[in-house]
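S.K.: The structure follows.
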Amino acid sequence: MEKIKNRKKRACMLYYMRFQGSAILYREAKALQDKGFEVDIICLRKAQDDKVIQSYEGLNMFFIQSRPAQEQKAFLYFLRLAFFCIKAFFVMSYLGLKNRYDVVHVTSPPDIIVFTAIIPKLLGAGIILDIHDIGPELFMRKLNVPENKPIIRLLKWFERLSAKFADHVITVTDIWRDKLALRINQGKKFSTMMNVPDENLFQLSTARKPQLAEARILFYHGSFEEHFGVDTLIKAMPLVKRQMPQIQLYLYGGGRLYSTMISLAKELGLDDCVHFQGSVPFYELPEILKKAEMGIVPTKAAVFSDEALSMKSLEYMTLGIPIVISGTTAHRYYYNDGMVKFFQPEDEKDLAEKIIALCKDNAERNRLVDNANIFLESHGWSCVKEDYYKIIDQVSSKRTTGHS
190 MEKIKNRKKR ACMLYYMRFQ GSAILYREAK ALQDKGFEVD IICLRKAQDD KVIQSYEGLN
250 MFFIQSRPAQ EQKAFLYFLR LAFFCIKAFF VMSYLGLKNR YDVVHVTSPP DIIVFTAIIP
310 KLLGAGIILD IHDIGPELFM RKLNVPENKP IIRLLKWFER LSAKFADHVI TVTDIWRDKL
370 ALRINQGKKF STMMNVPDEN LFQLSTARKP QLAEARILFY HGSFEEHFGV DTLIKAMPLV
430 KRQMPQIQLY LYGGGRLYST MISLAKELGL DDCVHFQGSV PFYELPEILK KAEMGIVPTK
490 AAVFSDEALS MKSLEYMTLG IPIVISGTTA HRYYYNDGMV KFFQPEDEKD LAEKIIALCK
550 DNAERNRLVD NANIFLESHG WSCVKEDYYK IIDQVSSKRT TGHS
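Residues in the sequence shown are numbered consecutively from 190, following this note's numbering.
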């Protein structure tokens, strides 16, 4: 009994994502580490020749598969996903038998990846399903199919099974939490954990640099998928440039449409003011973003993306960067006109007008940043982390009870 009481708590995290590209995965892993857990992470590797087993800041990393940056074919996407699930099952089972996890935190999509934790669950681990992107809506968007298609009905069935298997379900907005609770209705506990950045990495800029009279450096960072609206931003740039010849836009990230967006910028004659910088590891991002004088979040108001809260918006806020953001359902649910500058989604003319107006209004930029900082005082990671710890205590109590 004494040996059981003194054993170090163990946790495993599983995510179909590269570690270098996920500040959220790092945020939660470090939170568990700070709570006294030894943490294993099973995820994608950045390059084919990366070592499978590595360590980063005391976190044990298992890079079990690579993934191309620009996936074009749905068949290959699902095939790689299936291979990852199979590999994850065997790695998770082996590590679960070896380490006797207290908690397994699985981030979807896909929801059914949570079943790779069957062995740890049978051995007493508490299972958290973190629905980072709500699956049926995401694939309606990716595959461009309506809700009544068999593939979407199948995904909703997987969603229900996965939630039933898990001990606790987390998602990233109240909108999705309420939708999942209504759709699944299995007496499960659902919680919201917003995608706020770790303040130790993205340090809160209460004493930010003075704003210039006119902002000229715009930033976008994140994925180059269709629903994130990078095309809207690029189409707005000729209109902005016409009134502000010195304007510069820097874009960081990657994805299926990265090459397409480069071509679009060339077609519009924007080589001198639109700069594609590629992807960078999350731990380099805060220093890079400090160069921004304004952040642009052009998410489209469509299936899935309309209800998704942009993490990049919260990163800009945390670093004291004013934002022009699309007025989607989720953005208007959490933000107001005193915190951000809204524009009509998918309207490049309105986006250009809002960028120009905010660039030229130093007082307005400072006011938005001040109000965003007030919002973060009650919604920042230091607050969200305490909610996460309560969930961890709840699900990990299974093992304690089992050994009492």
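Don't be surprised by glycine CBs; every beta carbon is placed ideally from N, CA and C. What you are looking at is a predicted structure, and each value in this text was computed from that prediction instead of being measured.
Within its chain, find whatever has a CB closer than 6 Å to the CB of phenylalanine 226; leave out the 5 residues flanking it on each side and keep chain order.
M.R.: The sequence position of residue 226 within the sequence shown is 37, counting from 1. The residues are Lys198, Ala200.
S.K.: Compare the beta carbon distance of tryptophan 570 and valine 295 with 8 Å and say whether it is the shorter of the two.
M.R.: As a position in the sequence shown, residue 570 is number 381, starting the count at 1. As a position in the sequence shown, residue 295 is number 106, starting the count at 1. Not closer than 8 Å, so no.
S.K.: Use the C-beta contact count for tryptophan 346: other C-beta atoms within 10 angstroms, 16 or more gives buried, fewer gives exposed.
M.R.: As a working note, residue 346 is residue 157 in the sequence shown. Answer is exposed; the Cβ neighbour count stays below 16.
S.K.: Below 6 Å CB to CB, which residues in the same chain sit around serine 282 once its five sequence neighbours on both sides are set aside?
M.R.: Within the sequence shown, numbered from 1, the residue matching residue 282 stands at position 93. Excluding residues within five positions, the ones whose Cβ falls inside 6 Å are Ile308.
S.K.: How would you write the range of the beta strand (DSSP E) that phenylalanine 379 sits in, first residue to last?
M.R.: On the sequence shown, position 190 is the one that residue 379 refers to. Unbroken beta strand (DSSP E) run through phenylalanine 379: 379-381.
S.K.: What is the rounded straight-line gap between the Cα of tyrosine 577 and the Cα of glutamate 217?
M.R.: Working through the sequence shown from its first residue, we reach residue 577 at position 388. Working through the sequence shown from its first residue, we reach residue 217 at position 28. C-alpha separation (whole angstroms): 8 Å.
S.K.: Would you give the residue range spanned by the beta strand (DSSP E) that glycine 484 belongs to?
M.R.: If you number the sequence shown from 1, residue 484 lands on position 295. Here the beta strand (DSSP E) through glycine 484 covers 483-486.
S.K.: What runs of the beta strand (DSSP E), each 3 residues or longer, lie entirely inside the stretch 295-371?
M.R.: Qualifying beta strand (DSSP E) stretches, in chain order: 315-320, 357-360.
S.K.: Distance, Cα to Cα, leucine 446 vs lysine 455?
M.R.: Taking the first residue of the sequence shown as position 1, residue 446 is located at position 257. Taking the first residue of the sequence shown as position 1, residue 455 is located at position 266. Each residue's alpha carbon lies about 14 Å from the other.
S.K.: Distance, Cα to Cα, valine 419 vs leucine 557?
M.R.: The residue you call residue 419 lines up with position 230 of the sequence shown. The residue you call residue 557 lines up with position 368 of the sequence shown. C-alpha separation (whole angstroms): 23 Å.
S.K.: When the Cα atoms are used, what is the spatial distance from glycine 516 to lysine 310?
M.R.: Here residue 516 refers to the residue found at position 327 when the sequence shown is read from its first residue. Here residue 310 refers to the residue found at position 121 when the sequence shown is read from its first residue. C-alpha separation (whole angstroms): 41 Å.
S.K.: Over what stretch of residues does the beta strand (DSSP E) that includes cysteine 274 continue unbroken?
M.R.: Taking the first residue of the sequence shown as 1, we reach residue 274 at position 85. Note, cysteine 274: premise wrong, no beta strand (DSSP E); alpha helix (DSSP H) at 263-288.
S.K.: Using CA coordinates, which residue listed in Arg349, Ala355, Thr360, Lys530 is at the minimum distance from asparagine 374?
M.R.: Residue numbering aside, residue 374 sits at position 185 when the sequence shown is read from its first letter. If we check each option's Cα against that of asparagine 374, Arg349 comes out closest.
S.K.: Keeping to the same chain, check which residues put their C-beta closer than 7 Å to that of phenylalanine 278; ignore five residues upstream and five downstream.
M.R.: The sequence position of residue 278 within the sequence shown is 89, counting from 1. Only Thr305 meet the Cβ criterion.
S.K.: With 16 other CB atoms within 10 Å as the buried threshold, where does phenylalanine 408 fall?
M.R.: Residue 408 sits at position 219 when you count from the first residue of the sequence shown. Buried, by the Cβ-count rule.
S.K.: Whole angstroms is fine: what's the gap from proline 298's alpha carbon to serine 351's?
M.R.: In the sequence shown, residue 298 corresponds to position 109, counting from 1. In the sequence shown, residue 351 corresponds to position 162, counting from 1. Approximately 11 Å between the Cα atoms of the pair.
S.K.: Taking arginine 445 as part of the alpha helix (DSSP H), name the residues at either end of that continuous run.
M.R.: Here residue 445 corresponds to residue number 256 of the sequence shown, with the count starting at 1. Counting along the chain, arginine 445 falls outside any alpha helix (DSSP H), and DSSP gives it neither H nor E.
S.K.: Classify glutamine 432 as helix, strand or coil using the three-state DSSP reduction.
M.R.: Numbered from 1 along the sequence shown, position 243 holds the residue referred to as residue 432. If DSSP states are grouped into helix, strand and coil, glutamine 432 belongs with the helices.
S.K.: Helix, strand or coil for methionine 190? Go by DSSP, reduced to three states.
M.R.: Indexing the sequence shown from 1 puts residue 190 at position 1. Here the model assigns methionine 190 a pLDDT of 43, short of 50, so the residue's position is not dependable, and the following value carries that caveat. The answer is coil: DSSP assigns methionine 190 none of H, G, I, E or B.
S.K.: Can you tell me whether DSSP reads tyrosine 439 as helix, strand or coil?
M.R.: Residue mapping note: residue 439 aligns to position 250 of the sequence shown, counting from 1. Tyrosine 439 falls in the strand class under three-state DSSP.
S.K.: Roughly how many angstroms separate the alpha carbons of isoleucine 341 and valine 492, rounded to a whole number?
M.R.: For the purposes of this step, residue 341 is taken as the residue at position 152 of the sequence shown. For the purposes of this step, residue 492 is taken as the residue at position 303 of the sequence shown. Near 13 Å, if we compare the C-alpha coordinates of valine 492 and isoleucine 341.
S.K.: Under the assumption that glycine 444 contacts phenylalanine 413 (Cβ atoms under 8 Å), give the Cβ distance between them as a whole number of angstroms.
M.R.: For the purposes of this step, residue 444 is taken as the residue at position 255 of the sequence shown. For the purposes of this step, residue 413 is taken as the residue at position 224 of the sequence shown. With 8 Å as the limit, glycine 444 and phenylalanine 413 qualify as a contact, their Cβ atoms being about 4 Å apart.
S.K.: Between Gly324, Ile581, Cys274, Thr421, which has its C-alpha nearest arginine 366's C-alpha?
M.R.: By one-based count along the sequence shown, residue 366 stands at place 177. The candidate whose alpha carbon is nearest that of arginine 366 is Gly324.
S.K.: Per the DSSP calculation, cysteine 201 is bridged to which residue(s)?
M.R.: In the sequence shown, the residue the question calls residue 201 occupies position 12. Beta-bridge pairing links cysteine 201 to Asp229, Val293.
S.K.: Taking the alpha-carbon positions, what's the leucine 547 to phenylalanine 208 distance?
M.R.: Taking the sequence shown and counting its residues from 1, one reaches residue 547 at position 358. Taking the sequence shown and counting its residues from 1, one reaches residue 208 at position 19. Spanning the two alpha carbons is a distance of roughly 35 Å.
S.K.: If I measure Cβ to Cβ from asparagine 288 and keep anything under 8 Å in the same chain, skipping five residues before and after, which residues do I get?
M.R.: Along the sequence shown, read from residue 1 onward, the residue named residue 288 stands at position 99. Arg199, Cys201, Glu227, Asp229.
S.K.: Need the endpoints of the alpha helix (DSSP H) that valine 241 sits in, please.
M.R.: Within the sequence shown, numbered from 1, the residue matching residue 241 stands at position 52. Segment: none, valine 241 is in no alpha helix (DSSP H) and carries neither H nor E.
S.K.: Is valine 558 helix, strand or coil when you go by DSSP?
M.R.: As a working note, residue 558 is residue 369 in the sequence shown. If DSSP states are grouped into helix, strand and coil, valine 558 belongs with the helices.
S.K.: Excluding five sequence neighbours on each side, which residues of the same chain lie with their C-beta closer than 8 Å to the C-beta of lysine 276?
M.R.: Taking the sequence shown and counting its residues from 1, the one referred to as residue 276 is at position 87. Ile253, Gln254.
S.K.: Is it the case that the Cβ atoms of alanine 519 and isoleucine 364 are separated by a distance below 8 Å?
M.R.: Translated into the one-based positions of the sequence shown, residue 519 becomes position 330. Translated into the one-based positions of the sequence shown, residue 364 becomes position 175. Yes, Cβ-Cβ distance for alanine 519 and isoleucine 364 is below 8 Å.
S.K.: In three-state DSSP terms, what is valine 469?
M.R.: Numbered from its first residue, the sequence shown carries residue 469 at position 280. Coil.
S.K.: Identify whether leucine 508 lies in helix, strand or coil by the three-state DSSP scheme.
M.R.: Sequence index remark: in the sequence shown, residue 508 carries index 319 (1-based). Of the three classes helix, strand and coil, the one that applies to leucine 508 here is coil, per DSSP.
S.K.: Could you check whether the Cβ of glutamine 437 sits closer than 8 Å to any Cβ belonging to chain C?
M.R.: No chain C appears in this structure, which consists of one protein chain only.
S.K.: According to DSSP, is arginine 256 helix, strand or coil?
M.R.: Walking along the sequence shown from the start, residue 256 turns up at place 67. Reduced to three states, the DSSP call for arginine 256 is coil.
S.K.: Which stretch, first to last residue, makes up the alpha helix (DSSP H) that contains tyrosine 409?
M.R.: Working through the sequence shown from its first residue, we reach residue 409 at position 220. Segment 406-410 is the beta strand (DSSP E) holding tyrosine 409; no alpha helix (DSSP H) there.
S.K.: For the putative contact between valine 358 and leucine 327, defined by C-beta atoms under 8 Å, what is the C-beta separation to the nearest angstrom?
M.R.: The count along the sequence shown starts at 1 and reaches residue 358 at position 169. The count along the sequence shown starts at 1 and reaches residue 327 at position 138. Incorrect: roughly 16 Å between the Cβ atoms, too far for contact.
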